[in-house]
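Trainee:
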Amino acid sequence: MFLSVVIPTYNRLPILQKCLRALEAQQLADPAVGFEVVLVDDGSSDDTVAWVQRHTSELPHVRLICQEHGGPAEGRNRGVDAARGDVIVFIDSDLVVAEGFLMAHAKALHNSWKQQGNRLCFTYGAVINTANFDDPTRERHKLRDASWAYFATGNVAIDRSLLERSGLFDTAFRLYGWEDLELGERLRQLGVRLIRVPQAVGYHWHPPLSLEQIPRLIEVERERARMGLVFYRKHPSRRVRLIIQYTWFHWLLWELLTLGGLLNERSLRPLLAWLIRRGHAAWAMELLRLPLNRIGVRSLFDLARRAV
Numbered sequence: 003m004f005l006s007v008v009i010p011t012y013n014r015l016p017i018l019q020k021c022l023r024a025l026e027a028q029q030l031a032d033p034a035v036g037f038e039v040v041l042v043d044d045g046s047s048d049d050t051v052a053w054v055q056r057h058t059s060e061l062p063h064v065r066l067i068c069q070e071h072g073g074p075a076e077g078r079n080r081g082v083d084a085a086r087g088d089v090i091v092f093i094d095s096d097l098v099v100a101e102g103f104l105m106a107h108a109k110a111l112h113n114s115w116k117q118q119g120n121r122l123c124f125t126y127g128a129v130i131n132t133a134n135f136d137d138p139t140r141e142r143h144k145l146r147d148a149s150w151a152y153f154a155t156g157n158v159a160i161d162r163s164l165l166e167r168s169g170l171f172d173t174a175f176r177l178y179g180w181e182d183l184e185l186g187e188r189l190r191q192l193g194v195r196l197i198r199v200p201q202a203v204g205y206h207w208h209p210p211l212s213l214e215q216i217p218r219l220i221e222v223e224r225e226r227a228r229m230g231l232v233f234y235r236k237h238p239s240r241r242v243r244l245i246i247q248y249t250w251f252h253w254l255l256w257e258l259l260t261l262g263g264l265l266n267e268r269s270l271r272p273l274l275a276w277l278i279r280r281g282h283a284a285w286a287m288e289l290l291r292l293p294l295n296r297i298g299v300r301s302l303f304d305l306a307r308r309a310v
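When you line the sequence shown up against our numbering, it's residues 3 to 310, in that order.
Following this line, the structure appears as structure tokens:
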């Protein structure tokens with residue numbers, strides 16, 4: 003089995019360095035298993051390309067591909083096209099993996115193929131969120147790390163031919179969000195099973211919340227709303243409406259939880275600042291999610307109404 007780890011990246015050099023070095027440190031117990039890393043730079047304006055080119059001797063498994071900024075869907079497709087492996091592993095460039103990461107995916111896939119008699123499955127590893135940049139792998143698993151997503155490209159491995167049969171990623175998703183779950187809907191229609199592999203651990207680094215991040219977080223919610231509408235138009239089902247929160251239940255939920263918008267990014271700012279100063283940035287982020295969800299849901303309904 004040969005695994006191609008496909009990673010799109012855009013202006014994330016500091017954490018990307020840790021991501022690539024963790025992949026170079028992989029322990030492969032089976033000599034029949036090999037791997038490469040296909041890094042697709044999505045038009046970064048930082049030092050990503052130059053740094054990778056300067057450190058090729060330290061990154062023997064890495065192949066760098068450059069494209070103009072086109073979004074992660076286009077980047078992943080380009081990476082798959084260039085990949086040499088019969089298995090594709092998708093991770094994000096801010097994920098730092100444990101040393102047994104690839105072997106855990108490989109073993110689980112092999113066992114599932116053998117048991118099922120076909121390759122209609124993919125493996126989904128564990129993602130642990132952390133704000134610890136210096137040592138991401140020290141973070142413990144938390145309840146809020148649990149994910150019920152069917153296909154999320156932060157940590158999955160899949161047979162290449164099955165992936166190509168599904169049609170790869172839709173490049174209409176050029177902004178933030180939903181391109182992986184949309185592909186998941188197509189995989190689900192093919193009868194593809196999800197195999198959870200908690201041993202394939204990746205530590206997803208997020209910078210701790212600061213007040214300066216709030217405008218970009220609001221912009222991300224509006225981008226997610228735009229891409230959510232693209233998702234729903236492709237798959238106009240009740241399931242997708244629930245996934246993207248395009249229901250009156252979600253509208254009412256976030257209206258109630260924000261007191262009709264009284265709890266918003268401006269009114270909460272003093273409390274958020276206090277929590278951050280006290281070292282509780284994670285709690286501040288959870289609190290901020292209330293108005294962010296309201297912004298996202300209202301944006302989605304507004305976009306849908308204007309599109310009619």
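All residues carry an ideal CB built from backbone N, CA and C; glycine is no exception. What you are looking at is a predicted structure, and each value in this text was computed from that prediction instead of being measured.
At the level of alpha carbons, what is the spacing between residue 284 and residue 210?
Mentor: Against the sequence shown, residue 284 aligns to sequence position 282. Against the sequence shown, residue 210 aligns to sequence position 208. Taking the straight line joining both Cα atoms gives about 7 Å.
Trainee: What are the boundary residues of the beta strand (DSSP E) that residue 200 is part of?
Mentor: Against the sequence shown, residue 200 aligns to sequence position 198. 195 to 207 is the extent of the beta strand (DSSP E) around residue 200.
Trainee: Can you say whether residue 304 is buried or exposed, counting buried as having 16 or more other CB atoms within 10 angstroms of its CB?
Mentor: To locate residue 304, count along the sequence shown from 1; it is residue 302. Its Cβ having fewer than 16 others within 10 Å, residue 304 is exposed.
Trainee: Suppose you measure from the CA of residue 34 to the CA of residue 14; what does that come to, to the nearest Å?
Mentor: Here residue 34 refers to the residue found at position 32 of the sequence shown. Here residue 14 refers to the residue found at position 12 of the sequence shown. The alpha-carbon atoms of residue 34 and residue 14 are separated by roughly 33 Å.
Trainee: Alpha carbons only, please: which of 74, 234, 113 and 20 is nearest the one belonging to residue 46?
Mentor: Start at 1 with the first residue of the sequence shown, and residue 46 comes out as number 44. Minimum Cα distance to residue 46 is reached at 74.
Trainee: On the DSSP bridge list, what partners appear for residue 161?
Mentor: Position 159 of the sequence shown, counting from 1, holds the residue named residue 161. Note: residue 161 sits in a beta bridge opposite 89.
Trainee: Return helix, strand or coil for residue 22, following the three-state DSSP convention.
Mentor: Looking up residue 22 in the sequence shown gives position 20. Note: residue 22 maps to helix in three-state DSSP.
Trainee: Restricting to Cα atoms, I'd like to know which of 85, 56, 59 and 60 is closest to residue 67.
Mentor: Reading the sequence shown from its first residue, position 65 is the one you call residue 67. Cα-wise, what sits closest to residue 67 is 85.
Trainee: Starting from the Cα of residue 266, find the closest Cα among 289, 277, 193 and 198 and give me that residue.
Mentor: As a first step, residue 266 is located in the sequence shown; it is residue number 264 there, counting from the start. Comparing Cα-Cα distances from residue 266 to each of 289, 277, 193 and 198, the minimum goes to 289.
Trainee: Let me know the secondary structure DSSP gives residue 126 once reduced to three states.
Mentor: Residue mapping note: residue 126 aligns to position 124 of the sequence shown, counting from 1. Here residue 126 sits in strand by DSSP.
Trainee: Pop quiz: residue 6 and residue 91 are said to be a contact at Cβ under 8 Å. What is the actual Cβ separation, rounded to whole angstroms?
Mentor: In the sequence shown, the residue the question calls residue 6 occupies position 4. In the sequence shown, the residue the question calls residue 91 occupies position 89. So it is a contact: roughly 7 Å between Cβ atoms.
Trainee: For residue 156 versus residue 93, is the C-beta spacing smaller than 8 Å?
Mentor: Sequence index remark: in the sequence shown, residue 156 carries index 154 (1-based). Sequence index remark: in the sequence shown, residue 93 carries index 91 (1-based). In contact: residue 156 and residue 93 (Cβ atoms closer than 8 Å).
Trainee: Give me the Cβ distance between residue 98 and residue 20, rounded to the nearest whole Å; I'm assuming they're in contact under 8 Å.
Mentor: Translated into the one-based positions of the sequence shown, residue 98 becomes position 96. Translated into the one-based positions of the sequence shown, residue 20 becomes position 18. Their Cβ separation, rounded to whole angstroms, is 5 Å, which keeps residue 98 and residue 20 in contact under 8 Å.
Trainee: Distance check for residue 164 and residue 295, CA to CA, integer angstroms please.
Mentor: The residue you call residue 295 lines up with position 293 of the sequence shown. The residue you call residue 164 lines up with position 162 of the sequence shown. Near 34 Å, if we compare the C-alpha coordinates of residue 164 and residue 295.
Trainee: When the Cα atoms are used, what is the spatial distance from residue 65 to residue 56?
Mentor: Looking up residue 65 in the sequence shown gives position 63. Looking up residue 56 in the sequence shown gives position 54. Distance between the alpha carbons of residue 65 and residue 56: 13 Å.
Trainee: Identify which residue in 263, 237, 276 and 299 has its Cα closest to the Cα of residue 228.
Mentor: Against the sequence shown, residue 228 aligns to sequence position 226. Closest option to residue 228, Cα to Cα, is 299.
Trainee: Just the C-alpha distance for residue 110 and residue 134, rounded to the nearest angstrom, thanks.
Mentor: As a position in the sequence shown, residue 110 is number 108, starting the count at 1. As a position in the sequence shown, residue 134 is number 132, starting the count at 1. When rounded, the distance between both Cα atoms is 29 Å.
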